[in-house]
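In the numbering used here, each residue carries its 1-based index in the sequence shown increased by 66.
From the three backbone atoms N, C-alpha and C, an ideal C-beta is built for every residue, glycine too.
This report refers to the structure that appears directly beneath it.
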Amino acid sequence: MHCGVDEAGRGSVMGPLVVGAVFVESDEQLTAIGVKDSKKLTPRTRERMYDEITSIAEWRTVVATAADVDARRKEMSLNDVELNMFAEAVGGMDATVYADCPDVNEASFTRKLGALVPDVTIIAKHKADDTYPVVSAASIVAKVTRDRMMDDIRAEFGTNIGSGYPSDHYTMDFIASWIKENGSAPAHVRCSWEPVRHMLSARANTKISDW
């Protein structure tokens, strides 16, 4: 058996970090589905492929909410947060693990993951979601899971919160407006992220009329 593991939401300022793992005996069915790196697929195609992947393969997701990420970042780097989530996702399975490596040093990440999941062959590569179908499948599972959670968050606020990424002006405008009005960040926002810390600091040192 072999396994692919990947994440969605690593760099987001709002919403969860999700790790997906997919376990298969062969890539044949995944190749027939046409899996690709989830970022290269439309939302509709991802949803369809998610249903197909989860119907033919064993799979898992591990979720860290924004609050979880903030808490863990007090103790470790984001790479280590992801490393531990990868280990949780693939632990206990007798499989060769292919991982989309978030670290600049593939060898270092491979050693660290191997130490957390002993007696398992680890192959951690950059752009593994483009190279190995099982990692592409994992990226789709992670992305669709996160997208559905973002839909729930969007419904909770009843407004356009964007994608959750700092490059999305809808997300950043929503957070800025909330902080201006309330003096604190909205739920589901990573307060350890520098843009949010800056907004909170500016709000604490100015009057609302200064914005």
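Q) CB residue 173 to CB residue 74, shorter than 8 Å? A) Position 107 of the sequence shown, counted from the first residue, corresponds to residue 173. Position 8 of the sequence shown, counted from the first residue, corresponds to residue 74. No, the pair does not count as a contact, with Cβ atoms beyond the cut-off.
Q.
Can you find the residues in the same chain that come closer than 6 Å, C-beta to C-beta, to residue 162, ignoring five residues on each side of it along the sequence?
A. One-based indexing of the sequence shown puts residue 162 at position 96. The answer, listed in chain order, is 68 and 187.
Q. Quick one: any contact between the region 107-126 and the region 199-215, if contact means 3 or more CB pairs under 8 Å?
A. yes
Q: Please confirm whether residue 199 and residue 97 have their CB atoms less than 8 Å apart.
A: Taking the sequence shown and counting its residues from 1, the one referred to as residue 199 is at position 133. Taking the sequence shown and counting its residues from 1, the one referred to as residue 97 is at position 31. Against a cut-off of 8 Å, the Cβ pair of residue 97 and residue 199 comes out as a contact.
(Q) Looking at the secondary structure, which residues open and close the beta strand (DSSP E) in which residue 166 lies? (A) What you label residue 166 is simply residue 100 of the sequence shown in a count that begins at 1. Per DSSP, residue 166 belongs to the beta strand (DSSP E) from 162-166.
Q | Neighbourhood of residue 229 by C-beta distance below 8 Å, restricted to the same chain and skipping five residues each side | A | Position 163 of the sequence shown, counted from the start, is the residue given in the question as residue 229. The answer, listed in chain order, is 78, 216, 236 and 237.
Q: Measure the alpha-carbon distance for residue 86 versus residue 152 and round it to whole angstroms.
A: Start at 1 with the first residue of the sequence shown, and residue 86 comes out as number 20. Start at 1 with the first residue of the sequence shown, and residue 152 comes out as number 86. Between residue 86 and residue 152, the C-alpha separation is close to 8 Å.
(Q) Considering Cα atoms alone, identify which of 130, 176 and 164 is closest to residue 205. (A) Working through the sequence shown from its first residue, we reach residue 205 at position 139. Selected option, being the one with the closest Cα: 164.
Q | Nonlocal neighbours in the same chain, by C-beta distance under 8 Å from residue 120, ignoring five residues either side | A | The sequence position of residue 120 within the sequence shown is 54, counting from 1. Closer than 8 Å at Cβ, skipping near neighbours: 207.
Q) Could you check where the beta strand (DSSP E) with residue 187 kicks off and where it finishes? A) As a position in the sequence shown, residue 187 is number 121, starting the count at 1. Note, residue 187: premise wrong, no beta strand (DSSP E); not H, not E.
Q: Please determine, among 224, 262 and 176, the residue with the shortest C-alpha to C-alpha distance to residue 242.
A: In the sequence shown, the residue the question calls residue 242 occupies position 176. Taking only the C-alpha atoms, the option nearest residue 242 is 262.
Q: Would you tell me roughly how many angstroms separate the C-alpha atoms of residue 82 and residue 132, rounded to the nearest one?
A: Numbered from 1 along the sequence shown, position 16 holds the residue referred to as residue 82. Numbered from 1 along the sequence shown, position 66 holds the residue referred to as residue 132. Straight-line Cα distance between these residues: approximately 5 Å.
Q. Out of 130, 70, 125 and 91, which has the shortest C-alpha to C-alpha gap to residue 102?
A. Position 36 of the sequence shown, counting from 1, holds the residue named residue 102. If you compare the alpha carbons of 130, 70, 125 and 91 with that of residue 102, the shortest gap goes to 70.
Q) With burial defined as no fewer than 16 other Cβ atoms inside 10 Å of the residue's Cβ, what is the status of residue 110: buried or exposed? A) As a first step, residue 110 must be located in the sequence shown, where it is residue number 44. Answer is exposed; the Cβ neighbour count stays below 16.
Q) To which residues of the same chain is residue 223 closer than 8 Å at the C-beta, ignoring the five residues directly before and after it? A) The residue you call residue 223 lines up with position 157 of the sequence shown. So the qualifying residues of the chain are 240 and 252.
Q: Check whether the Cβ of residue 233 sits closer than 7 Å to any heavy atom of the ligand SAM, and report yes or no.
A: Within the structure as shown, the ligand SAM is missing, as the structure has no ligands at all.
Q | Top-ranked residue by Cα proximity to residue 149, from 185, 104 and 76 | A | Against the sequence shown, residue 149 aligns to sequence position 83. Answer by Cα proximity: 76.
Q. Given a threshold of 16 other Cβ atoms within 10 Å of its Cβ, counted over all protein chains shown, does residue 265 qualify as buried or as exposed?
A. Residue numbering aside, residue 265 sits at position 199 when the sequence shown is read from its first letter. Residue 265 should be labelled buried.
Q. Who are the Cβ neighbours of residue 249 in its own chain at under 7 Å, not counting the five residues just before and after it?
A. As a position in the sequence shown, residue 249 is number 183, starting the count at 1. So the list reads 269, once near-sequence residues are dropped.
Q) Can you tell me whether residue 126 is buried or exposed, with buried defined as 16 or more other CB within 10 angstroms of its CB? A) Indexing the sequence shown from 1 puts residue 126 at position 60. Taking all protein chains in view, the Cβ of residue 126 is crowded by 16 or more other Cβ atoms within 10 Å, so the residue is classified as buried.
Q: From the DSSP output, read off the bridge partner residues of residue 126.
A: Reading the sequence shown from its first residue, position 60 is the one you call residue 126. Beta-bridge pairing links residue 126 to 87.
Q: Find out if the Cβ-Cβ distance for the pair residue 179, residue 190 is shorter than 8 Å.
A: Looking up residue 179 in the sequence shown gives position 113. Looking up residue 190 in the sequence shown gives position 124. For residue 179 and residue 190, yes; Cβs fall inside 8 Å.
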